[in-house]
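Quick note, the sequences are listed as chains A and B, same order.
Each residue of the first sequence is one higher than the one before, starting from 1 at the first, in the numbering used here.
Each residue of the second sequence is one higher than the one before, starting from 1001 at the first, in the numbering used here.
Encoded as structure tokens, the structure appears first; notes follow it.
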Amino acid sequence: MVAATENGMILNGLRQSRARRAHLWLGLLLLGSCLASLAIGASGTSLWQGVWRALSGAEISQMERVILWDIRAPRTGLGLLVGAGLAVSGTVMQGLFRNPLADPGIVGVSSGAAFGAVSAIVLGGLLPVGIATVFGQYLVPVAACLGSWAAVSLLYVVATRGGQTSVATMLLAGIALGALAAAGMGLLIYMADDQQLRDITFWQLGSLGGASWAKLGAVAPLLILSVAAALGLGRALNALSLGEATALHLGIPVQRIKRLAVLTVAVATGAAVAMTGVIGFIGIVVPHLLRLATGPDHGPLLINAALLGAALLLWADVIARVVIGPAELPIGIVTALIGAPVFLWILLRSRGVMGL
Amino acid sequence: MMRGRFTRRGALLGLTAAVIGLGAGLRAEAAAEAASDSERIVTLGGTATEIVYALGAGARLVARDTTSNYPPEALSLPDVGYVRALSAEGVLSMAPDLILAEEGAGPPEVVALLRAADVDYIELPEGFSRDMTVKRIEMVGAVLGREAEAEALAGEVLATLDAAAEAAKAQAGDAPKRVLFVLSAQGGRIMAGGDETAAKAVIELAGGVNAVSGFSGYKPLTDEAVSLARPDVILMMDRGGDHDMAAKELLALPAFQPTPAAESGAVIRMDGLRLLGFGPRVGAAVRDLNHALYGG
């Protein structure tokens, strides 16, 4: 008995230190990914040459400046924030629902956000003048956040009974939500004019292609705030994994934490979807890989998820932009090609454990 | 992408856009002179590509978009992707000194980046009429420094087009045929061309009337609306290979069964770019469509 506890503690200690060490390695990986994202592109413009010339005060051509500063740099920033936002959203949702299959893309939260964004594009012009002025360029991201917030809340209400979430109910409710959002989008697409239609198709494919400093500026505060808020949820999510009653006895303000968790997921997913469209599987693949490697403690897990999610999305984007150059692949295709098989593998591994 | 309509910010944006537009206009004027010796051209849009080849400047092209499938030589050029889903760095990676784009190339963020780069960006206006056809040819001619060739080509296109339209009008008389342009019939759902479309314009030039109206652009129709439209002829794009539904299969769809088109088995297929591009081949396309409708 004593030996077993000691073993457990040693294992725990090992995993903990491994999770901590992972911060460093994943941080380095992310740094490398950022550099790769800045350095690799269809045009073969060299980052090093550009930086060297800029530093040494030499002439840098307009073309180089546009490619490095206006095309690649905001794209890297957007990929970094969106990747971190999606991975952290997935981790928080899995903790909140106490269920490994919760992911914004799979259970309809991204669809809700996309529906919000599309509504804002098509119907934004109908808003009373005052409202549109208040939101300005934030209208689409805010509408997307509202859409994802409604989806997460609805999902939680439908799938949770007496503090327990049923996996099957959650997945089925997610399918229903996705179908509802798709129907709503279909309706709006019918109403949209040609120009709006072009804006909308982008949301369904997912791409970092349209990144600009203005876009990055519009969502960076939302994504940074929500990711930061989520990183503080580690201890509470650990307690919640023991059940709501136990968490309450451990002194966790369960209701407030749940509301905060839903809000962070909604804002992070909404802001991400508003800028890059629906990009799937980051939110499920990243936390799972990390749990396998470094254990389930949410504290380090959330930080690692943010780092790995950002790195993974940056690499997916690098692949998307060079693989069929000079044309570009929608990034949703790349993440799905990587993510869907991993998702199936997780299902196979845990079959029977979750009562599916 | 952000819709800032009716807002102060929107007004400011609009003003900025107007200033930039003005600047771009001036730049385009300057570019018309500067770019006449451009040797690395990227075309975005099938009609733009076609005009460049028709003016004998095809050798100066270094890349084209996915919709540029004519002339066949164009297919051997690198493809920078679908004209509405371009990649900024992808296009710039071809190191162009001139980008000839059709209006509607996008997404808008990418076009903004291309305009910001040190490349002449010329936009050909959209428009499904004889005047716009000539205008596009003249614009490309001016940009390439081939004004004489452009004038000759425009004259030739106009002569063919006017002759075809004249003949068509005479043939149609008081009982023009009702033509339904079907963009796709995937899964039995009929997507048809309404008002303000290239399809409607070309149908009318060829002496027909568009069988449906009251909506703009290409929209899915209910089966009943298709039946009520009573088209005499179904017009479709010829995409070649397995994309095409057999005429028999198409007319067997419930929507078409009560229509005159199904009775006579009248399905016309034409190459999409030739039929709808309003480029150098528009005159021939109108003539052929007219012959197909009324018998040549």
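Ideal Cβ positions, reconstructed from N, Cα and C, are used throughout, including at glycine.
{"Asked": "Residue interval of the alpha helix (DSSP H) (run including Asp1300 of chain B)", "Found": "The question about residue 1300 of chain B has no answer here: the residues shown for chain B are numbered 1001 through 1296."}
{"Asked": "Spatial neighbours of Arg20 of chain A in its chain, beta-carbon cut-off 7 angstroms, leaving aside the 5 residues before and after", "Found": "Pro300"}
{"Asked": "N- and C-terminal bounds of the alpha helix (DSSP H) containing Phe1181 of chain B", "Found": "Note, Phe1181 of chain B: premise wrong, no alpha helix (DSSP H); beta strand (DSSP E) at 1177 to 1184."}
{"Asked": "Contacting positions in the segment 1074 to 1107 of chain B - beta carbon closer than 9 angstroms to chain A", "Found": "Pro1078, Asp1079, Val1080, Gly1081, Tyr1082, Arg1084, Ala1085, Leu1086, Ser1087, Ala1088, Glu1089, Gly1090, Val1091, Leu1092, Ser1093, Met1094, Ala1095, Gly1104, Gly1106, Pro1107"}
{"Asked": "Amino acids of chain A, ordered along the chain, whose beta-carbon sits closer than 9 angstroms to that of Ala1048 of chain B", "Found": "Correct list: empty, because the minimum Cβ distance to chain A is about 17 angstroms."}
{"Asked": "Local conformation of Leu1044 of chain B per DSSP, three classes", "Found": "strand"}
{"Asked": "Proximal chain A residues relative to Leu1113 of chain B, where beta-carbon distance stays under 8 angstroms", "Found": "Val66, Asp70, Ile71, Ser212"}
{"Asked": "Cβ-Cβ distance between Thr1043 of chain B and Ser1068 of chain B below 8 angstroms", "Found": "yes"}
{"Asked": "Status (buried if at least 16 other CB within 10 Å, exposed otherwise) for Met1139 of chain B", "Found": "buried"}
{"Asked": "Cβ-based neighbour list, Arg1133 of chain B, same chain, cut-off 6 angstroms, excluding 5 preceding and 5 following", "Found": "For clarity, residue 1133 of chain B is Thr in the given sequence; the question names Arg instead. Phe1278, Val1282."}
{"Asked": "Residues within the segment 33 to 45 of chain A neighbouring chain B, beta-carbon criterion of under 9 angstroms", "Found": "Gly41, Ala42, Ser43, Gly44, Thr45"}
{"Asked": "Environment of Ile175 of chain A [buried if 16+ CB atoms lie within 10 Å]", "Found": "exposed"}
{"Asked": "Under the three-state DSSP convention, the category Gly1277 of chain B falls into", "Found": "coil"}
{"Asked": "Ala42 of chain A versus Glu1147 of chain B - alpha carbon distance", "Found": "34 angstroms"}
{"Asked": "For Leu38 of chain A, the nearest candidate out of A:Leu329, A:Arg321, A:Leu242, A:Val107 (CA to CA)", "Found": "A:Arg321"}
{"Asked": "Spatially closest choice to Leu260 of chain A from A:Arg53, A:Val286, A:Ala230, by CA coordinates", "Found": "A:Ala230"}
{"Asked": "Test item: CB-CB of Ser226 of chain A and Gly85 of chain A under 8 angstroms", "Found": "yes"}
{"Asked": "Backbone CA spacing between Ala1198 of chain B and Glu1123 of chain B [nearest angstrom]", "Found": "18 angstroms"}
{"Asked": "Beta carbon proximity, Val1110 of chain B to chain A, threshold 8 angstroms", "Found": "yes"}
{"Asked": "Ser89 of chain A versus Thr264 of chain A: straight-line alpha-carbon distance, rounded", "Found": "7 angstroms"}
{"Asked": "Val1233 of chain B versus Gln1257 of chain B: straight-line alpha-carbon distance, rounded", "Found": "13 angstroms"}
{"Asked": "Chain-order list of residues whose beta-carbon lies under 8 angstroms from that of Pro1176 of chain B (same chain, five-residue window excluded)", "Found": "Gly1207, Gly1208, Val1209"}
{"Asked": "Beta-carbon contacts of Ala22 of chain A that lie in its chain and below 8 angstroms, excluding the five residues immediately before and after", "Found": "Leu290, Ala293, Thr294, Pro300, Asn304"}
{"Asked": "Chain A contact residues for Ala1116 of chain B, given Cβ-Cβ distances below 8 angstroms", "Found": "Val66, Asp70"}
{"Asked": "Residue from A:Arg256, A:Tyr190, A:Ala73 with nearest C-alpha to Leu123 of chain A", "Found": "A:Tyr190"}
{"Asked": "Proximal chain B residues relative to Gly325 of chain A, where beta-carbon distance stays under 7 angstroms", "Found": "Gly1090, Ser1093"}
{"Asked": "Helix, strand or coil at Arg1027 of chain B according to DSSP, with G and I counted as helix", "Found": "Note that Arg1027 of chain B has pLDDT 47, beneath the 50 cutoff, so the model's placement of it is unreliable and the number below is only indicative. Looking at Arg1027 of chain B - three-state DSSP - the assignment turns out to be helix."}
{"Asked": "Any 3 or more C-beta pairs closer than 8 angstroms across the segment 62 to 78 of chain A and the segment 239 to 257 of chain A", "Found": "no"}
{"Asked": "Beta-carbon spacing of Pro1071 of chain B, Ala1085 of chain B below 8 angstroms", "Found": "no"}
{"Asked": "Ala1261 of chain B at chain A interface by Cβ criterion, 8 angstroms", "Found": "no"}
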